[in-house]
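Enquirer: A single structure is presented below for examination.
Number of protein chains: 2
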Amino acid sequence: MPENAKTGWLRVVGLGPGDAAMLTPEASQALETASDVLGYTTYLDRVPHRPGQVRFATDNREELDRARHALTLAAQGCQVALVSGGDPGVFAMASAVFEAMEHGLPAWRALDVAVIPGISAMFAAAARLGAPLGHDFCAISLSDNLKPWALIERRLRLAAQAGFVMALYNPRSKARPDQLAQGFAILRAELPPDVPVAFARAVGSAQERIHLTTLEAADPALVCMRTLVLIGTAGTRLVPRPQGGAFVYTSRSASA
Amino acid sequence: MPENAKTGWLRVVGLGPGDAAMLTPEASQALETASDVLGYTTYLDRVPHRPGQVRFATDNREELDRARHALTLAAQGCQVALVSGGDPGVFAMASAVFEAMEHGLPAWRALDVAVIPGISAMFAAAARLGAPLGHDFCAISLSDNLKPWALIERRLRLAAQAGFVMALYNPRSKARPDQLAQGFAILRAELPPDVPVAFARAVGSAQERIHLTTLEAADPALVCMRTLVLIGTAGTRLVPRPQGGAFVYTSRSASA
Chain A
407 MPENAKTGWL
417 RVVGLGPGDA
427 AMLTPEASQA
437 LETASDVLGY
447 TTYLDRVPHR
457 PGQVRFATDN
467 REELDRARHA
477 LTLAAQGCQV
487 ALVSGGDPGV
497 FAMASAVFEA
507 MEHGLPAWRA
517 LDVAVIPGIS
527 AMFAAAARLG
537 APLGHDFCAI
547 SLSDNLKPWA
557 LIERRLRLAA
567 QAGFVMALYN
577 PRSKARPDQL
587 AQGFAILRAE
597 LPPDVPVAFA
607 RAVGSAQERI
617 HLTTLEAADP
627 ALVCMRTLVL
637 IGTAGTRLVP
647 RPQGGAFVYT
657 SRSASA
Chain B
407 MPENAKTGWL
417 RVVGLGPGDA
427 AMLTPEASQA
437 LETASDVLGY
447 TTYLDRVPHR
457 PGQVRFATDN
467 REELDRARHA
477 LTLAAQGCQV
487 ALVSGGDPGV
497 FAMASAVFEA
507 MEHGLPAWRA
517 LDVAVIPGIS
527 AMFAAAARLG
537 APLGHDFCAI
547 SLSDNLKPWA
557 LIERRLRLAA
567 QAGFVMALYN
577 PRSKARPDQL
587 AQGFAILRAE
597 LPPDVPVAFA
607 RAVGSAQERI
617 HLTTLEAADP
627 ALVCMRTLVL
637 IGTAGTRLVP
647 RPQGGAFVYT
657 SRSASA
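From first to last, the protein sequence lines stand for chains A and B.
Per our numbering, the first sequence starts with residue 407, numbered consecutively.
Per our numbering, the second sequence starts with residue 407, numbered consecutively.
Here is the structure:
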């Protein structure tokens, strides 16, 4: 913590999946000591109001603007918490902050800026299921806002050929209703039909819902923007429980 | 928490990278309420002693034995915390627990078993560096204890072709002094020589040390078992700071 209250800083804070039990002490401390808290409305709503603290809620699509705003405030001497769901380094705000810094005022590079990691959606979802990421894995965003869809298809194909468990972020939105089905078609050409697939929606929130299926049966209509899609491998196994449901894990062992 | 102290449970607890500021409240609570705490000596040493709590420290290589021991204690009515560094689902204890459950006593499947996620080494290291995982990424263990080295080579090649940022776990040990160099040779054949590479050692502990280099210059001799190796992509950028050092981030945008 800065001794002089006029020393500005920026913390890019990972809020985790939503449940306060998964918020780290260093994230809590940054939220408590910040003079200004910025974030997408959904995430900012999770941060308790504190007297005197200034809050800036913005739309999700304005990531670079929000990053510049945060850096500007820190350069003015504010203590800024820029909040992100999950981990800020995983398809979230941290990359936008350093992109804004690279192309922004030279003085921004000297600022006290740090990223505070959080429990990512993929690890929270994996923990609920068992240990589906128990072996080599990858994370791919299916959003084609910032990269061409052809590249996403290529990555899905190569990831399946490599035998990675996959965590698919941003799987489906109103603007992109059909791409997840195209993604599943690519994976079905590469992987066994009975590979386990999980739809993990809003894990760690009151709306949490887990749906377990197979690659063959996976129905994109059950997926929304808040769903994380996990694709297993030939080494991913189900352990059915007598009370219903099953644990899912990927074996630590693999053959060539 | 169970109302009846005789109801056994098992929590596979992620301790995070080491710093207590990164330990989640739900992990802390599991450690406080457990009757028995099990783990590899290095991780168990991080857990504060509590009067009446029984502790079992074991060697790192006995993962399945430790998992069976934890399930046996929970089946006997103990409240068991099985601790893991980082996140238990990432090259750690969670997969071993469900493997032991699948092949163990049928009654184990009915037990109250849950995984408590933690801040993984890869996300802690990424946060220290900036946002190197800012785009699609993968995690690969370089240990060939449980999979053939040929499969690891294949995954490195496909991951490079896919354009994934890579987090390499278990990069080098006394028993495997030369494989990391072989891995770098494969990556050099696929990626530009100036791709940023980071060696992040023991992030979140007193021994933390970060070394930033390029794929061309990366020296395997600087890497030990406690180092996480991060390999960038053509879209990974350095933002030099006037006070020395640089932030590293991977652009959210990519072209085909």
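C-beta atoms are modelled at their ideal positions from N, C-alpha and C, and glycine is treated no differently.
No experiment lies behind these values; they were computed from the predicted model shown.
1. Looking at the strands, I want to know which residues DSSP matches up with A:T464.
2. Kindly list, in the order they appear in chain A, the residues whose Cβ is closer than 8 angstroms to that of B:T430.
3. Whose Cβ in chain A lies nearer than 7 angstroms to the Cβ of B:D493?
4. Which two residues bound the contiguous beta strand (DSSP E) that contains B:I522?
5. Is it a yes or a no for the region 566-585 of chain B touching the region 498-507 of chain B, going by three-plus beta-carbon pairs under 8 angstroms?
6. Counting along the chain, where does the alpha helix (DSSP H) carrying B:R647 start and finish?
7. Could you work out which residues of chain A lie near B:F388, taking near to mean beta carbons separated by less than 7 angstroms?
8. For B:A433, which residues of its own chain have a beta-carbon under 8 angstroms away from its beta-carbon, when the five flanking residues on both sides are left out?
9. Can you grab the Cα-Cα spacing for the pair B:W514 / A:A537, in whole Å?
10. Please name the residues in the region 601-614 of chain A whose beta-carbon is closer than 7 angstroms to at least one beta-carbon of chain B, in chain order.
11. Buried or exposed: where does B:P598 fall if 16 or more other Cβ atoms within 10 Å of its Cβ makes it buried?
12. Hey, does A:Y446 have any beta-carbon neighbour from chain B nearer than 8 angstroms?
13. Give the residues of chain A in contact with B:Q567, contact being defined as C-beta atoms less than 7 angstroms apart.
14. Locate the alpha helix (DSSP H) running through B:R403, then write down its first and last residues.
15. Starting from the beta carbon of A:F590, find every residue of chain B whose beta carbon is closer than 7 angstroms, and list them in chain order.
16. Using the Cα positions of B:E469 and B:D518, report the straight-line distance between them to the nearest angstrom.
17. Taking only beta-carbon positions, decide if B:R461 is within less than 8 angstroms of chain A.
18. Can the beta-carbon of A:L656 be found less than 8 angstroms from the beta-carbon of A:T639?
19. Got a sec? Which residues, its chain only, sit under 7 angstroms from B:R563 by beta carbon, not counting five neighbours each side?
20. In whole angstroms, what separates the C-alpha of A:A566 from that of A:L535?
21. Would you tell me roughly how many angstroms separate the C-alpha atoms of B:A473 and B:R467, rounded to the nearest one?
22. Apart from the five residues on each side of it in sequence, which residues of its chain come closer than 7 angstroms, Cβ to Cβ, to A:A545?
23. If you draw a straight line from the alpha carbon of B:G641 to that of B:A660, how long is it in whole angstroms?
24. Could you tell me the boundaries of the beta strand (DSSP E) in which B:R618 lies?
25. Only counting the same chain, and skipping five residues up and downstream in sequence, which positions put a Cβ closer than 6 angstroms to that of B:F653?
26. Beta-carbon separation of B:R456 and B:A436 under 8 angstroms?
27. Taking all protein chains shown into account, decide if A:P577 is buried (16 or more other Cβ within 10 angstroms of its Cβ) or exposed.
28. Rounded to a whole number of angstroms, what is the C-alpha to C-alpha distance between A:G483 and A:D493?
29. Apart from the five residues just before and just after B:R658, which ones in its own chain have a Cβ nearer than 8 angstroms to its Cβ?
30. Are the Cβ atoms of B:S441 and B:V453 separated by less than 8 angstroms?
31. For B:V629 and chain A, any beta-carbon pair shorter than 8 angstroms?
32. Identify whether B:P602 lies in helix, strand or coil by the three-state DSSP scheme.
33. Please list, in chain order, all residues of the same chain as B:M407 whose beta carbon is under 7 angstroms from its beta carbon, the five residues on each side excluded.
34. For the beta strand (DSSP E) holding A:I558, just list the boundary residues, first then last.
35. Could you tell me whether the Cβ atoms of B:R594 and B:T633 are closer together than 8 angstroms?
36. Using the rule of at least 16 other Cβ atoms within 10 Å of the residue's Cβ for burial, across every protein chain shown, is B:A516 buried or exposed?
Expert: In brief:
1. Its beta-bridge partners are A:Y446.
2. Within chain A, the residues whose beta carbon sits less than 8 angstroms from that of B:T430 are G422, A427, M428, L429, T430, I525, listed in sequence order.
3. Correct list: F529.
4. 518-522 is the extent of the beta strand (DSSP E) around B:I522.
5. Short answer: they don't touch.
6. Element bounds for B:R647: n/a, residue is neither H nor E.
7. Because chain B spans 407 through 662 in this model, residue 388 of chain B falls outside it and cannot be assessed.
8. Cβ neighbours of B:A433 beyond the five flanking positions: V419, G420, L421, G422, I522, G524.
9. The alpha-carbon atoms of B:W514 and A:A537 are separated by roughly 16 angstroms.
10. Residues: none.
11. Counting of Cβ neighbours within 10 angstroms places B:P598 among the exposed residues, the total staying below 16.
12. For A:Y446, no CB of chain B lies under 8 angstroms from its own CB, so it is not counted at the interface with that chain.
13. Going along chain A in sequence order, the residues near B:Q567 (Cβ under 7 angstroms) are L564.
14. With chain B covering only 407 through 662, there is no way to say anything about residue 403 of chain B.
15. A:F590 does not reach chain B, its nearest Cβ partner there being about 18 angstroms away, counting only Cβ pairs nearer than 7 angstroms.
16. Answer to the nearest angstrom: the Cα atoms are 20 angstroms apart.
17. No, B:R461 lies away from the interface with chain A (no Cβ there is under 8 angstroms from its Cβ).
18. Residue identity differs from the one stated: residue 656 of chain A is Thr in this sequence, not Leu. Cβ atoms of A:T656 and A:T639: closer than 8 angstroms.
19. Sequence-distant Cβ neighbours of B:R563 in its own chain, meaning closer than 7 angstroms and more than five residues away, are I592, E596.
20. Near 21 angstroms, if we compare the C-alpha coordinates of A:L535 and A:A566.
21. Cα to Cα, B:A473 sits roughly 12 angstroms from B:R467.
22. Cβ neighbours of A:A545 beyond the five flanking positions: V496, M528, A573, Y575.
23. So the alpha carbons of these two residues sit roughly 7 angstroms apart.
24. Note on identity: in this sequence residue 618 of chain B is Leu, with Arg being the wrong assignment. Its beta strand (DSSP E) spans residues 615-620.
25. G536, V645.
26. Not closer than 8 angstroms, so no.
27. Only buried fits A:P577, as 16 or more other CB atoms lie within 10 angstroms of its CB.
28. Approximately 25 angstroms, taken between the alpha carbons.
29. Same-chain partners within the cutoff: G540, H541.
30. No, Cβ-Cβ distance for B:S441 and B:V453 is not below 8 angstroms.
31. No, because no Cβ of chain A sits closer than 8 angstroms to the Cβ of B:V629.
32. For B:P602, the three-state secondary structure derived from DSSP is strand.
33. Note that B:M407 scores 43 on pLDDT, short of 50, meaning its location in the model is unreliable and no value can be drawn from it.
34. Element bounds for A:I558: not the beta strand (DSSP E) but the alpha helix (DSSP H), 555-568.
35. B:R594 places its beta carbon 8 angstroms or farther from that of B:T633.
36. It counts as exposed.
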